[in-house]
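Mapping the sequence shown onto our numbering, position 161 (from 1) lands on 202, and the numbers just tick up by one. A short worksheet on the structure shown next.
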Amino acid sequence: MKTLLFGNGINIEFGGADNLSKSIILRAIKGAKEADFPVDIIVDDPSLIVSLLGHLFLQVREILNGGYDSYAYTTDLKGCLDDFKRRYSIRKSLNVATIGFEDYYLLYDLMCYKYKIKNPEKYHIREALKCFFLYSIFNNGRVNQIYKSYPAKLADFFNAFDELYTTNYDVNVETFSRKKVNYLHGAFHIKADVYDPDSMRNKMSDSPIKDCIIDEKYYYLYSNALTTYSGYSKMFSIKQHGDANSAMDKMAKAYQENETIKEAVNVWEKDANEIVRKMAEGIKLKLGDSNLEFKETYPIKEFTAISDELSIVGLSPNNDTHIFNMINDNGLLKSIVYYFYDSEEIDAVSQLLNSHKLDFVNVTELWNRYR
Numbered sequence: 042m043k044t045l046l047f048g049n050g051i052n053i054e055f056g057g058a059d060n061l062s063k064s065i066i067l068r069a070i071k072g073a074k075e076a077d078f079p080v081d082i083i084v085d086d087p088s089l090i091v092s093l094l095g096h097l098f099l100q101v102r103e104i105l106n107g108g109y110d111s112y113a114y115t116t117d118l119k120g121c122l123d124d125f126k127r128r129y130s131i132r133k134s135l136n137v138a139t140i141g142f143e144d145y146y147l148l149y150d151l152m153c154y155k156y157k158i159k160n161p162e163k164y165h166i167r168e169a170l171k172c173f174f175l176y177s178i179f180n181n182g183r184v185n186q187i188y189k190s191y192p193a194k195l196a197d198f199f200n201a202f203d204e205l206y207t208t209n210y211d212v213n214v215e216t217f218s219r220k221k222v223n224y225l226h227g228a229f230h231i232k233a234d235v236y237d238p239d240s241m242r243n244k245m246s247d248s249p250i251k252d253c254i255i256d257e258k259y260y261y262l263y264s265n266a267l268t269t270y271s272g273y274s275k276m277f278s279i280k281q282h283g284d285a286n287s288a289m290d291k292m293a294k295a296y297q298e299n300e301t302i303k304e305a306v307n308v309w310e311k312d313a314n315e316i317v318r319k320m321a322e323g324i325k326l327k328l329g330d331s332n333l334e335f336k337e338t339y340p341i342k343e344f345t346a347i348s349d350e351l352s353i354v355g356l357s358p359n360n361d362t363h364i365f366n367m368i369n370d371n372g373l374l375k376s377i378v379y380y381f382y383d384s385e386e387i388d389a390v391s392q393l394l395n396s397h398k399l400d401f402v403n404v405t406e407l408w409n410r411y412r
């Protein structure tokens, strides 16, 4: 079995600088000032999200000087903060666009801890920030047209693999190769479950979609695309529905077989805690329809089962450590080729994949082969 895992590097190679993080941020700022900015979906006053971005950037110097260390309350957050300081402290100069767009989520979380911003405000502002970036990445649909710049010979490269996985949200490779692509971090064309009328979430009494008018012109803003700084956070979101389904199956079975559990669930329906009430409602829905479940739209189980040969192209070791951890833990892999853009990636990837023997190839050699 031969598997290809590819990331944004392929979009940068054939789509140009428009797909760099720097361009995404600058385009996001510019887009917020344009008349067709979707204010009804992202934020009523676009200047607020631009101001937030600027305010987050103004925290960077204090963060690099250790001023936010005391707000890194978890091991994961502390690790991400240390990595942020390692990467940016060596820069001679910084501006709002030199900070990776996913790193802004780290700045946001730290600022929320410092200023005690809590849910639901924290969640809603974060969602606005996410849509602000997704709107820019989509780039009025141009991101899905990059395949038109692929050289014809590139089809031979994709055809050499049995399975294709990506952290990208676009459909370029799938359109070009006509092969199935597995979207590890979601895709613009896959709706998040809260916007899917047939999802289990929308079968519940507080169905989120009831009060939501979806504008299909901006379908990608309702997608399951994952954007955050932390591999742990991405992994939590990826596994969330699978874990929920497993718990729901066990509870529904216990409800039918254990009278004590049955009585407890019945009491939960009137509990003061909303989460407990929803759990009870979900169990009752499951009892009424055993096929009902949360859709698992991230192919994580399939990815953990890949075997034999793996090639990695255009995927930076930054922000996606969860992907590299899964690869490192996979004992079914016999060979791994990592195509690097910058020689500094070799040391980082060697540390992340220290359980495997690796071959490193300059990605320029790969692209030149298929020009």
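Beta carbons are placed, not taken as given, at the ideal position from N, Cα and C, and that holds for glycine.
Length of the line joining the Cα atoms of residue 168 and residue 262: 10 angstroms
Could you give the distance in angstroms between the alpha-carbon of residue 71 and the alpha-carbon of residue 90? 12 angstroms
Helix, strand or coil, according to DSSP, for residue 36 in the structure here? One cannot answer for residue 36 here, as it falls past the ends of the chain, which runs 42 to 412.
Alpha carbon to alpha carbon, what distance is there between residue 323 and residue 316? 10 angstroms
Using DSSP bridges, identify the partner residues of residue 206. 46 and 223
Just to confirm the assignment, what range does the beta strand (DSSP E) spanning residue 70 have? No beta strand (DSSP E) contains residue 70, which is instead part of the alpha helix (DSSP H) from 62 to 72.
8 angstroms Cβ cutoff met for residue 375 and residue 400: no
Flag this pair as touching only if the segment 213 to 232 and the segment 182 to 200 have three or more C-beta atom pairs under 8 angstroms; answer yes or no. yes
Please classify residue 317: does DSSP put it in a helix, a strand, or coil? helix
Span of the beta strand (DSSP E) holding residue 402? 399 to 403
Segment contact flag, the segment 199 to 208 with the segment 124 to 138, C-beta cutoff 8 angstroms, min 3 pairs: no
Opening and closing residue of the beta strand (DSSP E) in which residue 375 lies: 374 to 381
Counting only the same chain and skipping the five closest in sequence on each side, list residues whose C-beta sits under 6 angstroms from that of residue 238. 250
Where residue 354 falls: helix, strand or coil (DSSP): strand
Rounded to whole angstroms, what is the Cα-Cα separation between residue 252 and residue 48? 35 angstroms
Status (buried if at least 16 other CB within 10 Å, exposed otherwise) for residue 143: buried
Ignore the nearest five residues each way along the sequence and tell me which others in residue 354's own chain have a CB closer than 8 angstroms to its CB. 45, 46, 47, 48, 50, 51, 380, 404 and 407
Residue 104, enclosing alpha helix (DSSP H) - first and last residue: 101 to 105
First through last residue of the alpha helix (DSSP H) which encompasses residue 366: 362 to 369
Between the C-alpha atoms of residue 149 and residue 193, what's the straight-line distance to the nearest angstrom? 43 angstroms
Taking 8 angstroms as the threshold (C-beta atoms), are residue 343 and residue 200 in contact? no
Between which two residues does the alpha helix (DSSP H) containing residue 172 stretch? 162 to 179
Quick one: using the 10 Å Cβ neighbour count with 16 as the cut-off for buried, is residue 282 buried or exposed? buried
Tell me whether residue 264 sits in a helix, a strand or coil according to DSSP, three-state version. strand
Please find out if some non-hydrogen atom of the ligand NAD comes closer than 7 angstroms to the beta-carbon of residue 405. Questions concerning the ligand NAD fall outside what the structure shown contains, since it holds no ligand whatsoever.
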